[in-house]
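Have a look at the structure below, then the notes.
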Amino acid sequence: MDAEKRQVNEAAVKLWLEKLKATSYDMDDLIDDWNTFVLKFQVSNNKVCLCMPSPCFFFRKIVLHHDFAVNIRDLNKRFQAIAIEKDMFSFELNRDSGESERPVTTSFLDVSEIYGRDQEKNAIIRTLLFENSQQQGLPIISVVGMGGIGKTTLAQLAYNDQEVKAFFEKRIWVCVSDPFDEIRVAKAILAALTGKAPSVAELESLLQKIHLSIERKMFLLILDDVWTEDPMKWESLKHSLKCGTPGSKVLITTRKENVAKIMGSTMLFPLGQLYEEECWSLFSQVALFGRPSGDRKGLEEIGKKIAKKCKGLLLAAKVLGGLLRFKKSKEQWQSVLNSELWELEEVEKGLFPPLLLSYYDLPSTLRQCFAYCALFIKDSVIEKDKLIKLWMAQGFFRGMLHKVMELIGEECFDDLAMRSFFQDFQKDENNNSVMKCKMHDIVHDFARFLTKNECLMLAMEVVKEPSRIDSYNGNFCHLVMVLEKESPFPSYICNVEKLRSLLIKSYNKNSLISGALPKLFDQLKCLRSLDLSWGSIKEIPKGIGKLINLRYLKLSNNHDLLELPETLCDLYNLQTLDLTQCRSLLKLPSGIGKLMNLRHLDNWETFGLRSMPKGMRRLTGIRSLKEVVVSDGSNGNKTFTLGDLANLSYLRGDLKIRGLGNAGDVTEARKAKLHSKKDLFGLTLNFDSSTARMCDEDTILEALQPPGNMERLDIRCFNGPILFPSWLNSSALAQLRHVTLGNCRNWTLLPPLGELPSLESLQILNMNGVKKVGEEFLGLRKEEGQTSTPSSSSPMIAFPNLKSLRFSNMVKWKHWINCEIPSTRVAEMDNAIMPRLQSLDLQRCGMLKALPHYLLGLTSLKELSVDWCPVLVEYCQKEWSNISRIPNIRLDGVYVQRSSH
Numbered sequence: 000m001d002a003e004k005r006q007v008n009e010a011a012v013k014l015w016l017e018k019l020k021a022t023s024y025d026m027d028d029l030i031d032d033w034n035t036f037v038l039k040f041q042v043s044n045n046k047v048c049l050c051m052p053s054p055c056f057f058f059r060k061i062v063l064h065h066d067f068a069v070n071i072r073d074l075n076k077r078f079q080a081i082a083i084e085k086d087m088f089s090f091e092l093n094r095d096s097g098e099s100e101r102p103v104t105t106s107f108l109d110v111s112e113i114y115g116r117d118q119e120k121n122a123i124i125r126t127l128l129f130e131n132s133q134q135q136g137l138p139i140i141s142v143v144g145m146g147g148i149g150k151t152t153l154a155q156l157a158y159n160d161q162e163v164k165a166f167f168e169k170r171i172w173v174c175v176s177d178p179f180d181e182i183r184v185a186k187a188i189l190a191a192l193t194g195k196a197p198s199v200a201e202l203e204s205l206l207q208k209i210h211l212s213i214e215r216k217m218f219l220l221i222l223d224d225v226w227t228e229d230p231m232k233w234e235s236l237k238h239s240l241k242c243g244t245p246g247s248k249v250l251i252t253t254r255k256e257n258v259a260k261i262m263g264s265t266m267l268f269p270l271g272q273l274y275e276e277e278c279w280s281l282f283s284q285v286a287l288f289g290r291p292s293g294d295r296k297g298l299e300e301i302g303k304k305i306a307k308k309c310k311g312l313l314l315a316a317k318v319l320g321g322l323l324r325f326k327k328s329k330e331q332w333q334s335v336l337n338s339e340l341w342e343l344e345e346v347e348k349g350l351f352p353p354l355l356l357s358y359y360d361l362p363s364t365l366r367q368c369f370a371y372c373a374l375f376i377k378d379s380v381i382e383k384d385k386l387i388k389l390w391m392a393q394g395f396f397r398g399m400l401h402k403v404m405e406l407i408g409e410e411c412f413d414d415l416a417m418r419s420f421f422q423d424f425q426k427d428e429n430n431n432s433v434m435k436c437k438m439h440d441i442v443h444d445f446a447r448f449l450t451k452n453e454c455l456m457l458a459m460e461v462v463k464e465p466s467r468i469d470s471y472n473g474n475f476c477h478l479v480m481v482l483e484k485e486s487p488f489p490s491y492i493c494n495v496e497k498l499r500s501l502l503i504k505s506y507n508k509n510s511l512i513s514g515a516l517p518k519l520f521d522q523l524k525c526l527r528s529l530d531l532s533w534g535s536i537k538e539i540p541k542g543i544g545k546l547i548n549l550r551y552l553k554l555s556n557n558h559d560l561l562e563l564p565e566t567l568c569d570l571y572n573l574q575t576l577d578l579t580q581c582r583s584l585l586k587l588p589s590g591i592g593k594l595m596n597l598r599h600l601d602n603w604e605t606f607g608l609r610s611m612p613k614g615m616r617r618l619t620g621i622r623s624l625k626e627v628v629v630s631d632g633s634n635g636n637k638t639f640t641l642g643d644l645a646n647l648s649y650l651r652g653d654l655k656i657r658g659l660g661n662a663g664d665v666t667e668a669r670k671a672k673l674h675s676k677k678d679l680f681g682l683t684l685n686f687d688s689s690t691a692r693m694c695d696e697d698t699i700l701e702a703l704q705p706p707g708n709m710e711r712l713d714i715r716c717f718n719g720p721i722l723f724p725s726w727l728n729s730s731a732l733a734q735l736r737h738v739t740l741g742n743c744r745n746w747t748l749l750p751p752l753g754e755l756p757s758l759e760s761l762q763i764l765n766m767n768g769v770k771k772v773g774e775e776f777l778g779l780r781k782e783e784g785q786t787s788t789p790s791s792s793s794p795m796i797a798f799p800n801l802k803s804l805r806f807s808n809m810v811k812w813k814h815w816i817n818c819e820i821p822s823t824r825v826a827e828m829d830n831a832i833m834p835r836l837q838s839l840d841l842q843r844c845g846m847l848k849a850l851p852h853y854l855l856g857l858t859s860l861k862e863l864s865v866d867w868c869p870v871l872v873e874y875c876q877k878e879w880s881n882i883s884r885i886p887n888i889r890l891d892g893v894y895v896q897r898s899s900h
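Numbering (numbering that gives the first Met the number 0), first residue to last: 0 to 900.
Dropping the structure here:
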């Protein structure tokens, strides 16, 4: 740690650390080569085990190759020289005082509130609303300030102000970032104006469409994070915006005053630092969150001194507050205050020192994880799942054998998020877990600062300049390339033989990537992560088998890729294989069972696959498998069967099983033991078939009982008789929240889904045999001679938690039967059926005559959509006095009533 801190000011220490890191990487490569050699030996002898023993275990049983012995001696000499050199620097060993005790938390702390910006916000809003609308030209307002000062947040406050919303007919928000891509910005503006992605790609066509979309309309355009100082990048777009109604405005945010001048700003808002009291308010909100009042008083004096050193920078206060939130003692706070790192003069006028403090406070694993985030393009959305897999591929969690790698990754992500290294979280609507995030620009700059000699990012303009690569002497380890459609693949990249990450961003499907693959595979043998998605690749060269250290391979969205070479199965260390939307892929390599370290096979929307190799059953450590394909049996026992699913006991997340119409034996379905896979939360059962039906589908469906904690269930193309599975009830699936039933053409009735206590959303699609919906759907089952009257202490409620209900393509459905649940208390009757329903959507139910009365009386119902249902539309018009109670009503695509809230 002492060396890592001193490297910032001492060039000799920095050089020593680079030598140490390079030698450590070489040692890592040698260990991986050895482990691969051993695993290959095991596979060839059919003695595969998931836990890789230490190399020492095999020293007495396997004679070391001469190359291994030579490399080990060389590494020993290099480490000895580094150790001798270390003594010259008299490093101090910094010992941690123990893990910080953390206050109990339930979620991420919201630190988005802005202090002391009311004056600036009100001034900007006044300018937007009341500035003279008769002035010549388009008013351009610029908010200028250093990174992290709060420019974007201030623009958001103005953009979302209610008066601003009411004043402007069109509001558009575009994050510009660097470089200023005129076509991308124009596309973003047009998409915001029209509500759909533009189909044209030429700048002139886009500008004409923008012109037409805003002509004679009052609009507000926010251009956030503008960097370009090239006036030509802006002029053509600016001219297309001059046709709006007088009073239209453009507001930009930028760090550079010169950018504001070049863009022709008519008003400048320089955003200053927070006042000391305001900075302390924000800092204390984060740092003292959840502490007892007694503890707060003891820390406030030191805390105010630390907040003062944030120099009014909003981001610094948030980040440093996040650091101290986990420091309990006064001594720990004093240590932060006394840190010499505050005195560093670094980029962004003193921003990096507080970031360095937070960075050095991280455990070594978290420091590696954060620094690796420099590989993501600035302002891009970061997928948490992908990030964790990339961390795994780099071996950041190696040695933590007591925990599952993915869970360690989750903990690392959460820890970084809680310390404000991530922001703008996008959450899964099903379970509220974070799925995506972003990094603040300055935090990203900081990560780039930390890794400037290890990570390199090449954009389209830079790719054509070999000198940029040469200037790094080929020592960098991680590379991101952004290739436009016509950009040639820079062949000199293949000379960087120590490269460990190569992530190619080919947004416009650069077809020239394929030609570079043979040389790339031949020379970049240290790669751990390789992203070739969107590359228009039709064939993967056999040489890919040479990348023996590869752990992460992303081939997604190569839509013309037909097959994978068998040599891919020589990648014994591979953990993640992403084939998402490789829609033409016809088969997986038959030797896939050799990939014993494979943990994630992302094969969503690989429509061309009609079977899977039998060797899949050997992948017993696999944790995510998006789709399983049941074959028609034409390849005999060479294909993966339903019963083979039993071997994949660690499956988690979502699983789709398709081709169930090909299943020939209910025994295989029972062998799958789906009910025992407790980590599965989403299941799709698709009974499509490539041949004539081979089984009794009702028995297959009965045997495929999901685990009891299932949250999402989708059943499609079921052609069995109207025998609902016994497990589709409240006791077996008490946690089921989302259900979709589609194309079950033999069902004339709907299953009793009203019994499911946790069901929140339900879709019924293409049920061509259903003519009426009644009590059976609500779960009001009556035996002959009995009544369904509930006890007074436990009144019956059908669909107690349903919020969203959708019917589509129910072509024979005529009657939705009125029915009531008997209750001993009149007050309960109004809320006995779907008491929480908020949205009802009916599409292409052409014969449906009316809605049941129990729906029209629901006070919870906020949205009714009826499309392509002529009889029902006529009914709604006749019953308008009852229907109009619903705040938002859409008939045939047009809102006939819409709430202002």
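Beta carbons are placed, not taken as given, at the ideal position from N, Cα and C, and that holds for glycine.
Burial state of residue i, where buried means 16 or more other Cβ atoms lie within 10 Å
i: L600; result: buried
i: A286; result: buried
i: L879; result: Residue identity differs from the one stated: residue 879 is Trp in this sequence, not Leu. Burial call: exposed.
i: T638; result: buried
i: N602; result: buried
i: G194; result: exposed
i: V934; result: Given that the chain is displayed from residue 0 to residue 900, the structure contains no residue 934 and the question cannot be resolved.
i: T605; result: buried
i: I387; result: buried
i: N596; result: buried
Span separating the alpha-carbon of residue i from that of residue j
i: P102; j: I656; result: With a pLDDT of 30 at P102, under the threshold of 50, the predicted position of this residue should be treated as unreliable, though the coordinate-derived value follows. Computed Cα separation, rounded: 43 Å.
i: I381; j: L554; result: 18 Å
i: I816; j: Q425; result: 41 Å
i: S725; j: K877; result: 42 Å
i: Y551; j: G302; result: 44 Å
i: C818; j: F776; result: 11 Å
For residue i, the residue or residues it bridges with in DSSP
i: T252; result: V142
i: C436; result: I381
i: G271; result: In DSSP, G271 forms no bridge with anything.
i: R170; result: L219
As assigned by DSSP and simplified to three states, the class of residue i
i: C476; result: coil
i: G614; result: helix
i: T909; result: No answer is possible for residue 909: it lies beyond the span of the chain, which begins at 0 and ends at 900.
i: P869; result: helix
i: H984; result: Outside the shown range of the chain (0 to 900) lies residue 984, about which nothing can therefore be said.
i: A797; result: strand
i: G707; result: coil
i: D229; result: coil
i: G297; result: helix
i: I714; result: strand
i: D32; result: helix
i: Q425; result: strand
i: R884; result: coil
i: F806; result: strand
Proximity test, residue i beta-carbon vs the ligand ATP heavy atom, cut-off 7 Å
i: L727; result: As for the ligand ATP, it is missing from this structure, which has no ligand bound.
Three-pair Cβ contact test at 8 Å for the segment 113-127 versus the segment 225-240: They do not touch, by the three-pair rule.
Stretch pair the segment 573-587 + the segment 599-616: three plus CB contacts closer than 8 Å: With the cut-off at 8 Å, the segment 573-587 and the segment 599-616 touch.
Cβ contact (3+ pairs, closer than 8 Å) linking the segment 473-482 and the segment 372-387: Touching, per the Cβ criterion.
Three or more C-beta pairs below 8 Å linking the segment 65-84 and the segment 618-635: Too few Cβ pairs lie closer than 8 Å, so no.
Inter-stretch contact (C-beta, 8 Å, three-pair minimum) for the segment 281-296 and the segment 163-174: Too few Cβ pairs lie closer than 8 Å, so no.
Touching by the beta-carbon criterion (3+ pairs, under 8 Å), the segment 138-158 and the segment 175-195: The segment 138-158 vs the segment 175-195: no contact.
Segment contact, 8 Å Cβ cut-off, at least three pairs: the segment 507-518 with the segment 483-490: Cβ pair count under 8 Å is three or more, so yes.
Sufficient close CB pairs (3 or more, under 8 Å) joining the segment 803-813 to the segment 828-847: Contact between the segment 803-813 and the segment 828-847 is present, with at least three C-beta pairs closer than 8 Å.
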